[in-house]
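See below for the structure under consideration.
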């Protein structure tokens, strides 16, 4: 599986450490899950915008 390196602010790192302790999950796994969620959410939003633009273009014809 491809890997990506990220940098976090001290504040985000502290939150990640807290969440890791609370959940018992590794920080790397939590960070990866948050990145995946963000990518999927952004992709869905962009897809919705694209559909709306296509509908608008079709209605203008």
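Residue numbers (the UniProt record's numbering): 1 to 61.
Glycine is no exception: its CB is placed at the ideal position from the N, C-alpha and C atoms.
Which of helix, strand or coil DSSP assigns to residue i
| i | result |
| --- | --- |
| residue 8 | coil |
| residue 25 | coil |
| residue 3 | coil |
Check whether residue i and residue j have beta carbons under 8 Å apart
| i | j | result |
| --- | --- | --- |
| residue 6 | residue 31 | yes |
Other residues of its chain near residue i: CB distance less than 7 Å, five sequence neighbours each side excluded
| i | result |
| --- | --- |
| residue 17 | 27 |
Euclidean distance between Cα positions of residue i and residue j
| i | j | result |
| --- | --- | --- |
| residue 35 | residue 14 | 17 Å |
| residue 47 | residue 59 | 18 Å |
| residue 2 | residue 33 | 14 Å |
| residue 45 | residue 22 | 30 Å |
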